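One point on numbering: in my numbering, the residue at position 197 of the sequence shown is 184, and numbering is uninterrupted. First comes the structure, then the notes that go with it.
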Amino acid sequence: MGKQVKFIGLGVVVVVILAILGGFKFFDRVENGNVGIRYAISGGVRDKALSQGIHFVGLDYVTQYPIKTQSIKQRVAVATSDGKKTDVKISYSYHVDPSKAVAIYKKFGSADIHAIETGWLAQKLQKASRESMAKFTLLEVVGTDSTKAQAGILKSFQQAAEPYGFVVEDLSFGTPSIDEQTQKSIDDIIKAGQDNKKAELEAKTKETQAKADADAKITAANAEAEANNKINASINDQTIAYMEAQARLKHGWVTVQTNDAMVDAKGN
């Protein structure tokens, strides 16, 4: 019995020494927002992933993958449909699908997530970018079709990554580098737009002024017509007689009574 106890004790000591010398940990902590995959020396990958927190893992090796959103920036070199070479900085967000974490480990082995990001994921993004950007000219990419090119990259990247357990959430890219000829074309487009805007404003100003002048004339005409209407409405027989009397007084007209009729004559 004593020999058996000594043997068990010796075994425990040996395991502890091996653990210390070999860097093994009986407990391992899965960080917040990660999932852990256990690899057993004797039996390969464990089928069940570890959630966040501290776990007893014995002599198993644990690799962690992020299930919370990760933001990655990468510069890619591409060529557009008009043969222009350019490079652009792309930013994207992704996370690991927890249900596929074990499959990821089986594909990539003990490679950590950083190695996967700078290796396999970077290659998939590069391929998606080349395929999408090749459908547009460089001028279109920096102008009217920028959002289309970006959407094409995102869709291709998602389709390439998702089957392997990487969920790409969103993607955006900065302004591509452009050559001198393309820059001149952009400057010409901007100038043409500015000239059109200036002409449009000038035409609108002239239209506004012309309308104001027309309104002023209509207002004046209406006022004159109203005044004439008032004058016409005020003229009657008494007004006419009064006006004739005033004229006679001013110009010296007198009325002469004859046998046949009353005749107006200028007095001496």
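Where a beta carbon is used, it is the ideal one built from N, C-alpha and C, also for glycine. Source: prediction; values computed, not measured.
{"Check": "Buried/exposed call for Thr56, threshold 16 Cβ in 10 Å", "Outcome": "exposed"}
{"Check": "Contact belief for Ala27 with Ser68 at Cβ below 8 Å, rounded distance in angstroms", "Outcome": "Contact doesn't hold; Cβ gap of about 52 Å is too wide."}
{"Check": "Residues bridged to Ile77 [DSSP beta-bridge criterion]", "Outcome": "Gln61, Phe160"}
{"Check": "Spatial distance of Lys292 from Arg62 (CA atoms)", "Outcome": "In the structure displayed, the chain extends from -12 to 255; residue 292 sits before or after that span and is not available."}
{"Check": "C-alpha gap between Ala197 and Ala208, whole angstroms", "Outcome": "16 Å"}
{"Check": "Environment of Ala147 [buried if 16+ CB atoms lie within 10 Å]", "Outcome": "buried"}
{"Check": "Cβ pair Lys93, Val32 closer than 9 Å", "Outcome": "yes"}
{"Check": "Under 9 Å between C-beta atoms of Ser264 and Val75", "Outcome": "Here the chain covers residues -12 to 255 and nothing more, so residue 264 does not appear."}
{"Check": "Complete runs of the alpha helix (DSSP H) confined to the region 99 to 156 [at least 4 residues]", "Outcome": "100 to 103, 109 to 120, 125 to 128, 133 to 148"}
{"Check": "Contact check, Ile54 vs Val22, beta carbons under 9 Å", "Outcome": "yes"}
{"Check": "Backbone CA spacing between Lys60 and Leu46 [nearest angstrom]", "Outcome": "36 Å"}
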